[in-house]
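Have a look at the structure below before the remarks.
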Amino acid sequence: MIELTEVTKRFGGTTAPAVDRLTLTVADGEVVVLVGPSGCGKTTTLKMINRLIEPTSGTISIDGVDVTGLEPHELRRGIGYVIQQIGLFPHRTVRENIATVPRLLGWDRARIERRVRELAETTDLGDDMLDRYPSELSGGQRQRVGVARALAADPPILLMDEPFGAVDPIVRAKLQDELLELQRRLRKTIVLVTHDIDEAIKLGDRVAILSVGGHLEQYAPPEELLRAPANDFVADFLGSDRGIKRLSLIRIADIDLEPGPVVPPGTDVDRARAVMAGYDTDWVAVVDGDRMLGWVTNDGLDGRSTIDGVDLEPFVTRLTPNNTLEEALDAAISSHTAIAAVFDGERFLGMITVERISREIVR
Ligand SMILES: Nc1ncnc2c1ncn2[C@@H]1O[C@H](COP(=O)(O)OP(=O)(O)OP(=O)(O)O)[C@@H](O)[C@H]1O
Ligand SMILES: [Mg+2]
412 MIELTEVTKR FGGTTAPAVD RLTLTVADGE VVVLVGPSGC GKTTTLKMIN RLIEPTSGTI
472 SIDGVDVTGL EPHELRRGIG YVIQQIGLFP HRTVRENIAT VPRLLGWDRA RIERRVRELA
532 ETTDLGDDML DRYPSELSGG QRQRVGVARA LAADPPILLM DEPFGAVDPI VRAKLQDELL
592 ELQRRLRKTI VLVTHDIDEA IKLGDRVAIL SVGGHLEQYA PPEELLRAPA NDFVADFLGS
652 DRGIKRLSLI RIADIDLEPG PVVPPGTDVD RARAVMAGYD TDWVAVVDGD RMLGWVTNDG
712 LDGRSTIDGV DLEPFVTRLT PNNTLEEALD AAISSHTAIA AVFDGERFLG MITVERISRE
772 IVR
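Position 352, counted from 1, in the sequence shown is what my numbering calls 763; the numbers after and before it change by one each time, with no gaps.
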């Protein structure tokens, strides 16, 4: 666990502090994201944790041990650091870059080579890249090398300063997914800096929102930030679409589904039409137990007495409990019915409507 208590940093020759009495704890295995405008003290905070910058006052401890009492080299052995702007050594190959810390630790060559190959695989860098120089890689590949280098000595703590800052949104999203996947397996304690609130919401178990001067405005899980911003600064920073953003954090499994306009086999047409009217739709679905047989429009029932024997259409868009409400909203509004069906494998679980989703937004 990392604990910052009343940490202040004043740089020489400046009046206002860069970080002002910051108190923050990071639990083991947790991803904490520091987010805020340029110059609000994010990099300074990270660098105080591994003592590249010494605090002016306050204490920082790791697992209960005050870091100022530790030899800096000793301390940094247990902390991987991904530097803002990646900071690879340009005149060293990818292999040499990744091997930086193991070399400092005096590992033998065979062990270093094994570790480099392992990390190249973990971070999805092809073996053919290991002998290239950073300038011969794409931005996204360079970012991966930065992450691989930080992971090299298997430190329990990772500090990442804008690790995905220099790439386009598509590569960025891919690297973010990779980091989440990596974290599921490795369970590091990660402090990550970004100025991108969407990245913070996606990656953080908890998010610290800082304002200029290193003031902590709010520290909470993303869902709580979006639901209950502490003040106007936080609300502005989250953006006017924070209700919509929250939808990406809620899974269908988290909410109650409605049965929707469904009837069992054998239902007579008047009854089926009454169910449609109840849901204000012009179609009805036929469900046998938990098996969805398909749906039919109101017109398709003309001249029939019961629902049996009519031609049923299949549901093309099938959501699962693991989909987010954002994905559900997208599915529901793209189906002209404004309703999407949820399945667990072949089992029909219920329907989700735009109206039901909007109730989650205003909550
Ligand atoms: N060595 C230094 N000497 C004096 N002032 C500094 C020094 N390093 C940083 N600062 C100042 O401290 C403040 C915080 O800087 P910091 O690099 O922590 O910001 P940041 O939140 O990481 O910003 P960005 O998003 O632009 O990277 C800034 O006003 C910066 O100018
Ligand atoms: Mg910075």
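Heads up, the beta-carbon is just placed ideally off N, CA and C, and yes, glycines get one too.
Check: Determine, using beta carbons only, whether G775 and T419 come nearer to each other than 9 angstroms.; Outcome: Because the chain spans 412 through 774 in this model, residue 775 falls outside it and cannot be assessed.
Check: For A619, does the three-state DSSP call read helix, strand or coil?; Outcome: strand
Check: Please output, in chain order, the residues near ligand 2 using a CB cut-off of less than 7 angstroms to any non-hydrogen atom of the ligand.; Outcome: K453, T454, Q495, D572, E573 and V604
Check: Alpha carbons only, please: which of E589, A743, L627 and I494 is nearest the one belonging to L614?; Outcome: E589
Check: Whole angstroms is fine: what's the gap from D699's alpha carbon to P675's?; Outcome: 5 angstroms
Check: To the nearest angstrom, report how far apart M540 and R555 are at their CA atoms.; Outcome: 11 angstroms
Check: In the DSSP assignment, find the unbroken beta strand (DSSP E) run with V547 in it and report its ends.; Outcome: For clarity, residue 547 is Glu in the given sequence; the question names Val instead. Taken as a continuous stretch (DSSP letters only), E547 belongs to no beta strand (DSSP E), as it is neither H nor E.
Check: Could you pull the DSSP bridge partners for E669 from this structure?; Outcome: M762
Check: Just to check my reading of the structure: V680 and I718 have Cβ atoms closer than 8 angstroms, yes? What is that Cβ distance to the nearest angstrom?; Outcome: 7 angstroms
Check: From E724 to I750, what does the alpha carbon distance come to, in whole angstroms?; Outcome: 15 angstroms
Check: At what residues does the beta strand (DSSP E) containing I471 begin and finish?; Outcome: S468 to I473
Check: Should D572 be labelled buried (16 or more other beta-carbon atoms within 10 Å of its own) or exposed?; Outcome: buried
Check: Let me check understanding here. Comparing Cα to Cα, which of R526, I523 and Q552 lies closest to L536?; Outcome: Q552
Check: Leaving out five residues on either side along the sequence, give the residues of the same chain with a beta carbon under 7 angstroms from the beta carbon of R560.; Outcome: N508, I509 and T511
Check: By how many angstroms is the C-alpha of S716 removed from the C-alpha of G650?; Outcome: 53 angstroms
Check: Residues in the same chain with beta-carbon distance under 7 angstroms from D431, minus the five sequence neighbours each way, listed in chain order, please.; Outcome: T419, G624, G625 and H626
Check: Taking contact to mean at least 3 C-beta pairs separated by less than 8 angstroms, is the region 696-710 in contact with the region 753-765?; Outcome: yes
Check: Just to confirm the assignment: which complete beta strand (DSSP E) runs, minimum length 3, are found wholly within the region 570-650?; Outcome: 600-605, 617-622 and 626-631
Check: If the criterion is Cβ atoms closer than 9 angstroms, does the pair P483 and R514 meet it?; Outcome: no
Check: Would L591 be called buried (16 or more neighbouring beta carbons within 10 Å of its own) or exposed?; Outcome: exposed
Check: Count the C-beta pairs between the region 636-647 and the region 465-479 that are closer than 8 angstroms, then say yes if the count reaches three, no if not.; Outcome: no
Check: Once you ignore the five residues that flank S546 on each side, which residues in its own chain have a CB closer than 7 angstroms to its CB?; Outcome: P501
Check: Identify the continuous alpha helix (DSSP H) that holds M459 and give its terminal residues.; Outcome: K453 to I460
Check: DSSP three-state call for E724: helix, strand or coil?; Outcome: strand
Check: In chain order, what residues of the same chain lie with their CB nearer than 6 angstroms to the CB of W706, ignoring the 5 residues before and after it?; Outcome: W694, A696 and E724
Check: Comparing alpha-carbon positions, which option in R598, I581, I768 and G711 lies nearest I568?; Outcome: R598
Check: Using only alpha-carbon positions, find the residue among Q594, T436, G447 and V721 that is nearest to A429.; Outcome: G447
Check: For P732 versus R662, is the C-beta distance shorter than 9 angstroms?; Outcome: yes
Check: Please classify A427: is it buried, with 16 or more other beta-carbons within 10 angstroms of its beta-carbon, or exposed?; Outcome: exposed
Check: Kindly say whether N642, judged by its beta-carbon, lies nearer than 9 angstroms to any beta-carbon of chain B.; Outcome: The structure shown has no chain B; it contains just one protein chain.
Check: Tell me, please, which residues DSSP counts as bridged to A696.; Outcome: V673 and W706
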